[in-house]
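Some notes on the structure that comes next.
Numbering (full-length UniProt numbering), first residue to last: 1 to 293.
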């Protein structure tokens, strides 16, 4: 029986990059599948409806051409319907694709997917769950969520530099807040700058906030940054790009199957998408998603 695949295209991803290469991506994918549905959607609702239509026709694999927002929607669909997921990065951050080792440029990523489709190579990875929503990368609350919120409102610059500009702007407004981090095994009560719950390593366009997170080990890595002055945070920020922040005396790390955050009303973001605000509880679901290897 042949492979029925769908290519979900989010034209706005990467300031139109996804739309510009969609035809080339589809042409290459067709060499490795028996049927390819091209799903072009400009809204989450439209995308979900197109995915459901393909699923009703026997969909095996969903390939998402876009950024982390598009990947997040693909994760929801694939985890809920038992469909394998492939990624072609064409967005601002591309953190999920990076965590999976997908080539950073779209066309090499497509070639890797074609090879995986032909060989049948797949693997199962863990996902996080917050309420009814799945997430693949990191759930964050505090300073980093504020940066995410600010970056989403910005139209310039594009790419990872947008997060750098948002960081500088958020520094002017942010203050540490009391928070309780409860894993059922460990309980921290402290004034904190941020809490990041990582299923995978990266957020914010390649920042390894949870450098040792492994999406196949059944647990989250949790990074807690305690009370820091603005100057102290500025001095720590360069280390975020290299993972050196873990050696800072204000940083604590935990490993947990579930995490509850309480004690304030910070916004919470997962996969770069808003998830309401603290209090929030997240759980790790082992092997919840099949991805093309």
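The beta carbon of each residue, even a glycine, is placed where N, CA and C say it ideally should be.
Span of the beta strand (DSSP E), counted from its first residue to its last, around residue i
i	result
residue 277	273 to 277
residue 43	No beta strand (DSSP E) contains residue 43, which DSSP labels as neither H nor E.
residue 4	4 to 9
residue 189	187 to 198
residue 292	280 to 292
residue 63	61 to 66
residue 220	220 to 226
residue 270	267 to 270
residue 254	251 to 256
residue 182	177 to 182
residue 133	133 to 135
residue 128	122 to 130
Counted within 10 angstroms of its Cβ, other Cβ atoms place residue i as buried (16 or more) or exposed
i	result
residue 156	exposed
residue 184	exposed
residue 81	exposed
residue 20	exposed
residue 294	There is simply no residue 294 to check, as the chain begins at 1 and stops at 293 in what is shown.
residue 43	exposed
residue 228	buried
residue 129	buried
residue 27	exposed
residue 111	exposed
residue 46	exposed
residue 125	buried
residue 69	buried
residue 107	exposed
residue 172	exposed
residue 22	buried
8 Å contact criterion, which residue i and residue j should meet: CB distance rounded
i	j	result
residue 127	residue 75	7 Å
residue 288	residue 84	Wrong, their Cβ atoms sit about 12 Å apart, outside the cutoff.
residue 180	residue 222	With 8 Å as the limit, residue 180 and residue 222 do not qualify as a contact, their Cβ atoms being about 13 Å apart.
residue 272	residue 148	6 Å
residue 30	residue 36	5 Å
residue 188	residue 224	6 Å
residue 150	residue 170	5 Å
Element boundaries [alpha helix (DSSP H), containing residue i]
i	result
residue 97	95 to 99
residue 108	106 to 119
residue 171	161 to 171
residue 144	143 to 153
residue 237	230 to 240
residue 83	Careful: residue 83 lies outside any alpha helix (DSSP H) and carries neither H nor E.
Whether residue i touches residue j by CB criterion (7 Å)
i	j	result
residue 140	residue 196	yes
residue 213	residue 226	no
residue 220	residue 270	no
residue 50	residue 57	no
residue 293	residue 123	yes
residue 211	residue 243	yes
residue 25	residue 3	no
residue 251	residue 268	no
residue 176	residue 186	no
residue 61	residue 109	no
residue 241	residue 99	no
| message | Contact between the stretch 112 to 119 and the stretch 144 to 163 is defined here as three or more beta-carbon pairs at a separation below 8 Å; is this criterion met? | response | no
| query | Counting pairs of Cβ atoms below 8 Å between the stretch 86 to 101 and the stretch 65 to 72, do you hit three or more? | reply | yes
| said: Taking contact to mean 3 or more Cβ pairs, one atom from each stretch, closer than 8 Å, check whether the stretch 268 to 276 and the stretch 101 to 116 are in contact. | reply: no
| Does the stretch 159 to 168 come close enough to the stretch 205 to 220 that 3 or more CB-CB pairs lie under 8 Å? | yes
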